[in-house]
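This report refers to the structure that appears directly beneath it.
There are 2 protein chains.
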Amino acid sequence: MDAAQEARNREAFRQAVVNTLERRLFYIPSFKIYRGVAGLYDYGPPGCAVKSNVLAFWRQHFVLEENMLEVDCPCVTPEVVLKASGHVDKFTDLMVKDEKTGTCYRADHLLKDFCKERLERDPNITAEKAAELRHVLAVLDDLSAEELGAKIKDYGITAPDTKNPLSAPYPFNLMFQTSIGPSGLSSGYMRPETAQGIFVNFKDLYYYNGNKLPFAAAQIGQAFRNEISPRQGLLRVREFTLAEIEHFVDPEDKSHPKFSEVSNLEFLMFPREDQVSGLSARRIHIGEAVSKGIVNNETLGYFIGRVYLFLTHLGIDKERLRFRQHLANEMAHYAADCWDAEIECSYGWIECVGIADRSAYDLRAHTEKSGVPLVAAEKFLEPREVEKLVIAPVKKELGLAFKGNQKMSMEMKATLESKGEAEFHVCTLEKSCHYKEEHGDNPQGEEEGTSEGFHANQQYEEVAKRIAKSLTAAGISYKIDITGTSIGKRYARTDELGVPLAITVDSTSSVTLRERDSKQQIRVNVEEVASVVKEVTDGFSTWADMLWKYPTHSSSATED
Amino acid sequence: MDAAQEARNREAFRQAVVNTLERRLFYIPSFKIYRGVAGLYDYGPPGCAVKSNVLAFWRQHFVLEENMLEVDCPCVTPEVVLKASGHVDKFTDLMVKDEKTGTCYRADHLLKDFCKERLERDPNITAEKAAELRHVLAVLDDLSAEELGAKIKDYGITAPDTKNPLSAPYPFNLMFQTSIGPSGLSSGYMRPETAQGIFVNFKDLYYYNGNKLPFAAAQIGQAFRNEISPRQGLLRVREFTLAEIEHFVDPEDKSHPKFSEVSNLEFLMFPREDQVSGLSARRIHIGEAVSKGIVNNETLGYFIGRVYLFLTHLGIDKERLRFRQHLANEMAHYAADCWDAEIECSYGWIECVGIADRSAYDLRAHTEKSGVPLVAAEKFLEPREVEKLVIAPVKKELGLAFKGNQKMSMEMKATLESKGEAEFHVCTLEKSCHYKEEHGDNPQGEEEGTSEGFHANQQYEEVAKRIAKSLTAAGISYKIDITGTSIGKRYARTDELGVPLAITVDSTSSVTLRERDSKQQIRVNVEEVASVVKEVTDGFSTWADMLWKYPTHSSSATED
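Protein chains in written order, with this note's numbering: chain A, 85 to 644; chain B, 85 to 644.
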C-alpha cells in the first residue's frame with residue numbers, strides 16, 4: 085500500500101473515531117455555540133470519567149507507590165520565574181505572516197506540509213528532488229529562522245488560504261501573557277509547564293524530606309501554550325492537564341534502589357544512533373540498555389520502565405509504544421538527555437511522555453535569579469533532576485475510550501485506593517534502648533533490647549519495611565520516622581500533621597497501633613496491621629471496634 | 085470581653101494556626117524565593133492530600149449521588165462568552181489610588197477599616213458617631229462609587245502606607261486578561277468562575293440527558309480573580325479551585341423528588357428579614373423554611389440541605405455553620421435569590437458556599453449573544469438554574485488540618501469509592517413484552533409478562549431503583565435506560581460509551597449481567613448484583629471468575 089493510500093485510510097479511521105467521541109461527548113470543541121476557539125476542548129461526562137480515572141491511577145502508580153511529595157501551585161506565574169527558567173526568552177516557535185491578511189502560520193509546518201505533499205502527490209518527482217525533500221523533513225527541527233525562510237522562498241511556498249506571499253520567519257513566544265494586580269505594572273504568564281512550581285519550592289521540599297537526597301516531587305495541573313496554529317485535534321491544544329515529576333538525585337550516585345524491579349522489562353527502544361543510521365526501533369531489555377550505556381543511568385532507566393508499566397496498564401498496545409531518544413537538535417533548551425514515550429496513532433508516532441535529564445539547569449537558574457541557594461547542602465552536592473512529564477488526558481483517553489475500558493476496570497482497585505494518599509500514616513522505628521521502657525513485659529524483646537540491641541534494630545527495620553509495603557499495596561500513604569527523638573516528640577509531630585494512626589515497631593511479631601485523637605493504643609500482629617489500618621481509614625470499622633477487638637496497650641511514658 | 089480584646093484573641097489564635105500550617109507545608113506562599121505574589125498560594129504535600137480528599141468527597145456526595153453530568157472546560161475563555169455573561173461589564177470592584185505613588189486599594193476596604201478602627205480603638209467616640217459608623221458598615225456593600233468617594237473625603241481617609249491623598253473611586257475589572265492566538269487581535273480572560281462552561285454546553289448536555297429536565301451539570305477547576313488587595317490568607321486569593329453545580333429545573337415545577345430526604349434537617353438559618361430587623365440566626369427545619377416560603381422552593385431547599393450534610397461530614401462544627409440569605413443589595417448581578425453557607429472562623433462569619441437562584445439569566449444571555457437557543461425545547465419551557473458553588477480547598481482545609489482528619493478518615497470509604505464514577509453502568513428496565521423472548525423458560529415471569537404486564541413493569545422499576553441505590557452506595561456510577569428501543573440497540577449504545585457491565589432487570593428475583601467486551605451474560609440474584617459489579621470493577625475478581633461462579637445466560641436474540 086503506498087503512502088498516499090495509507091494516509092487516506094488513517095484519515096478515514098480517525099474521522100470515525102472523532103465522530104463517535106464527539107457524538108458521545110467524550111470531548112466537545114470549547115465555546116462551540118460561539119463557533120469555538122482553535123486548540124480549546126471541553127471534556128463531556130464520559131471524558132471527565134476517563135480523565136479522573138487516568139489521573140487517579142497516575143497518583144497511585146507514581147506519587148503513592150514512590151512516596152513522592154505532591155505540590156499544587158497556581159497557574160498565574162510572575163515574569164521573573166519564567167525569565168529565570170528561560171521560557172520568556174526561549175519558549176518560542178518560528179512564525180510567518182500572510183503579508184496581506186496578517187494570518188499567522190508556523191513556518192516549519194508550512195515547509196513540512198509542502199515537502200510531504202510533493203512526496204505523496206507528485207508522480208513526476210525526480211529521485212534527486214525526493215531525496216532533497218526527505219532530507220529537509222529529517223532536519224526540519226534543526227533549521228534556523230534564516231534557513232527556514234530561505235527554503236520557503238526557494239520552494240515558492242505561499243499562504244495556504246490566500247496564496248499571498250509570506251513574511252520572513254520570526255520567533256513567537258507561546259506563553260499566554262497577563263498582568264498581575266491592579267497597577268498593570270507587574271507582568272505575568274500562564275504557566276507553560278507545572279515543573280517550575282516544584283523547582284522554586286525545592287528548598288522547602290528538601291527540608292520536608294529531612295534534607296536528604298534522592299526525593300521526588302510531583303504536580304498535576306493545567307498548563308497553557310498559545311500555539312500558533314493548533315491542529316491534530318486533542319494532540320496540540322492551547323490548554324491541557326499536565327502531570328510532572330521532578331526526581332532529585334545526587335549526581336555522583338545515579339543508581340536507583342528499585343531498578344531491579346524494572347530491569348527485566350523488554351520493550352521497543354529507538355536510540356539516537358539507530359535513528360541517525362536509519363535503523364528502526366528494536367526490543368531492548370532496559371537493564372541491558374543501562375549496562376551498555378544506551379540509557380545514561382539507573383534512575384533514568386527506572387523511570388523509563390515505570391512509564392512503560394503505566395502506559396501498558398492503561399491499555400496502550402505494546403506494539404504501538406516505543407521509547408525514542410531525542411536527537412541533539414530536538415532537545416528542549418534545558419535538557420541534557422531526553423527519551424520520549426511515543427505511541428503510534430492515526431497521526432503517526434506521537435510523543436505522550438517525555439523523560440528528560442535536565443541536569444541542574446532550573447535549580448541553578450533560580451538560584452542565580454533569586455539569590456536563594458537551591459542546593460542539597462549537607463554534602464554541598466549539586467542535585468540533579470530527572471523529569472518525567474506525562475501529558476495525561478490526551479492520547480490515553482482516546483485509547484481508553486475504546487479498548488481501554490475493560491483494562492481500566494481492572495485498574496479500579498488501584499484507582500480507588502490511590503485516594504488513600506490523603507491519609508498520613510507514620511511507621512515509627514523504635515530504638516531498642518526505648519524498648520524496655522515500653523515493653524519491659526516482653527522477655528523476647530527485653531533480650532533483644534539489651535544483649536542484641538543492634539541486631540534488634542535491623543530486625544525492626546525489616547518489619548517496618550514489610551509493613552510499609554503492605555500499606556502501599558493497600559493504597560495507604562505513610563511516612564517512616566527513624567529519627568532518634570523520643571517517641572513522644574514523634575507522635576506530637578505527626579499529630580500536628582493530622583496523621584490519624586501511628587504504628588510503632590517494637591517487636592518482630594506484634595506492633596503498637598495508636599490513634600491520634602484518643603491517643604489510645606492497641607497491640608496488633610505485624611501481618612494484620614495494614615488491613616486493620618485500612619478498615620478504619622475506609623470507615624468499614626471504627627477505632628472503637630478495634631479497641632474492642634484487640635488488646636489495648638497503655639504506655640503514658642511514651643507520650644512525653 | 086470587649087470587641088478589641090476579642091479581636092486580639094482571634095488574631096493570636098489565627099497566627100498559631102497559620103504558623104503550624106506553613107511550617108508543615110499545608111500551604112506555602114507562592115514563589116516565596118522571589119518574595120512571593122500577594123493572593124497566590126501553593127499547597128504542599130499535606131495540603132494536596134487534604135484537597136484531593138475534599139474534592140473526591142465532593143464528587144461522591146454531589147456528582148455521583150445525584151447522577152450529575154460532569155464537564156471539564158478550559159480556563160482560557162474568549163471575550164464574547166464573558167461579555168454575554170456580564171462579567172466584562174460588571175465583574176468589578178471599586179478602587180482608589182494613592183495620588184502620589186499610584187498604589188491601589190479597595191475603596192470599601194479602606195472605609196471599612198476606618199470605621200472598625202474608630203469603633204474599636206477610640207475610647208472618646210460619641211454614641212451618635214458610633215451609630216453612624218455602624219450604619220456605614222451595614223450598608224457598605226450598597227454604596228455607589230460617588231457615595232464611597234464622599235465618605236472617604238468626609239472622614240479624611242488617606243493612603244494607609246503613605247498618608248497621601250487618594251483618587252476618587254473607580255471600577256476595576258477583576259478578570260485576568262490575555263490574548264488568544266498569535267495575531268494579538270482576539271482578547272480573552274482567565275475564567276472567573278467555572279459555571280459559564282456549563283451554560284455554553286447546555287444544548288449538548290440537555291441532549292445527553294435525553295432532552296429532559298431537570299438535570300444537573302458539575303465542574304471542578306481553577307478560577308481566577310485579579311483581586312485589588314488580596315488579604316485574609318487563603319480566604320481572598322487570586323487563583324483557587326472552584327467546584328460548581330448548575331441544576332436546571334422547570335420553572336413551573338420546582339419540587340424536588342428527594343426533598344423528603346433532607347426536609348427534617350434542622351440548622352442555623354439567617355433569613356433576610358431577620359437580618360434587617362436586627363435578629364440573629366436561629367435553628368429552622370429546612371422543611372418548615374420551604375413550606376413557610378422563607379426558602380423559595382423545594383429544589384433550593386434540597387441543595388441547602390445537601391450542602392449542610394456535605395460541610396458537616398467534612399467536620400465543620402454545626403455551631404459555627406449558618407445559612408444566610410443575601411440582602412437585595414449584595415446579590416451578584418445575575419442572582420435572583422441567594423443563600424450563603426457561612427462558617428465562623430477567626431475572620432468572623434465567612435462565605436464558603438453560595439447557593440443562588442440565577443433564574444435563566446445566563447442561558448438567556450448566551451442565547452441572545454450566540455443566536456443558539458439554549459432552552460428546554462420539548463415543552464418550550466424556559467429552564468431555571470439553581471447554582472451551588474463550592475469554594476473547595478479554602479476554609480475546609482484549615483478545618484480539616486485540625487479536627488477534620490479523623491472525620492475524613494471515616495469518609496475514606498466514600499472518598500475511595502467516588503472514583504467509581506469513572507465506571508459507567510447501565511441498568512436496563514425491560515418491558516415485560518420483551519420478557520418472553522428472553523426468559524420464556526421462567527414461568528413466574530411468563531405470567532407477569534402476559535397477564536400482569538403493567539404490574540410487572542412497576543415491579544421491575546422497583547427492582548431497578550433498589551439496584552441503583554446499592555450501586556450508588558458502592559460508589560459506582562450508572563445510567564438507567566428505560567427507552568422503548570430494543571435491548572440490542574441499548575447494549576450497542578452503552579458499548580460505545582465503554583460501559584463495561586449492563587444489568588437487565590427482567591424478574592424480581594434475579595437479573596442478567598452482561599459484560600461489554602465478551603458480550604457474555606450471567607444470571608445473578610438482585611441482592612448480589614451490586615457487589616458482583618463492584619468486585620469486577622475493583623479488580624478483586626475477573627469476569628472469568630464470575631462466569632465460573634454464576635450460571636451463564638445465552639440470548640443472542642437480545643443482541644439484535
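C-beta: ideal position from N, C-alpha, C; glycine also.
All of these numbers come straight from a predicted model, not from anything done at the bench.
In this structure, the alpha-carbon of S228/B lies about 34 Å from that of P113/B. The C-beta distance from V346/A to I329/A rounds to 15 Å, too long to fall under 8 Å, and the pair is not in contact. Residues of the region 448-463 of chain A with a C-beta less than 7 Å from any C-beta of chain B: H450, S454 and V456, listed in chain order. The Cβ neighbour count for T246/B, taken over all protein chains shown within 10 Å, is under 16; the residue is labelled exposed. Contact between F198/A and Y254/A fails: their C-beta atoms lie close to 19 Å from each other, not under 8 Å. DSSP assignment within the region 363-413 of chain B yields the following whole alpha helix (DSSP H) runs of 4 residues or more, N-terminal first: 370-375 and 382-397.
The CB of L109/A comes closer than 7 Å to the CB of D288 and Y292 in chain B, given here in chain order.
The DSSP-derived three-state label of L352/A is strand.
In this structure, S313/A and Y392/A do not form a Cβ contact; the two beta carbons are roughly 32 Å apart against a cut-off of 8 Å. Taking 7 Å as the cut-off, the Cβ atoms of L411/A and R356/A count as close. With its beta carbon less than 7 Å from one in chain A, S114/B belongs to the interface. When secondary structure is reduced to three states using DSSP, T246/A falls in the coil class, being assigned neither helix nor strand. Not one beta carbon of chain B lies nearer than 7 Å to the beta carbon of S554/A. Annotation: Cβ neighbours of F260/A in chain B (cutoff 9 Å, chain order): V160, T262, S263, I264, G272 and M274. C-alpha of S602/A to C-alpha of I434/A: approximately 54 Å in a straight line. By the neighbour-count criterion, in which 16 or more other beta carbons inside 10 Å mark a residue as buried, N285/A falls on the buried side.
Of K402/A, N93/A, W423/A and N413/A, the smallest CA-CA separation from F387/A is found for W423/A. Between F308/A and F260/A, the CB-CB gap stays under 7 Å. A residue is called buried when at least 16 other Cβ atoms come within 10 angstroms of its Cβ; R143/B meets this threshold and is buried.
One Cα belongs to D225/A, the other to N413/A, and the distance between them is close to 7 Å.
L203/B places its beta carbon 7 Å or farther from that of L194/B.
Around the beta-carbon of H331/B, 16 or more other beta-carbon atoms lie within 10 Å, marking it buried. Between C199/A and chain B, the shortest Cβ-Cβ separation is not below 7 Å. In the structure shown, the three-state DSSP call for F115/A is coil. Taking 7 Å as the threshold, the shortest C-beta distance from D126/B to chain A falls below it. Distance from the Cα of D334/B is smallest, within the candidate group S364/B, N381/B, F354/B and E350/B, for N381/B.
Taking a C-beta cut-off of 8 Å against chain B, the contacting residues of the region 129-158 of chain A are P129, P130, G131, C132, A133, V134, K135, S136, N137, A140, R143, L153, E154, V155, D156, C157 and P158, listed in chain order. Not one beta carbon of chain B lies nearer than 7 Å to the beta carbon of F387/A. If the five residues before and after T451/A are omitted, its C-beta is found closer than 6 Å to the C-beta atoms of P457 and L458, all from its own chain and listed in chain order. Note: P255/A is bridge-paired with L178/A in the DSSP secondary-structure output. For Y634/A, there is no enclosing beta strand (DSSP E), as DSSP marks it with neither H nor E. For I312/B, no alpha helix (DSSP H) run applies, since DSSP gives it neither H nor E. Assignment of N609/B by DSSP, reduced to helix, strand and coil, places it in the strand class. In summary, G233/A is buried, with 16 or more beta-carbon neighbours lying within 10 Å of its beta-carbon over all protein chains present.
When the beta-carbon positions are compared, V595/A and I606/A stay at least 7 Å from each other. The beta-bridge partner set that DSSP reports for D337/B is empty.
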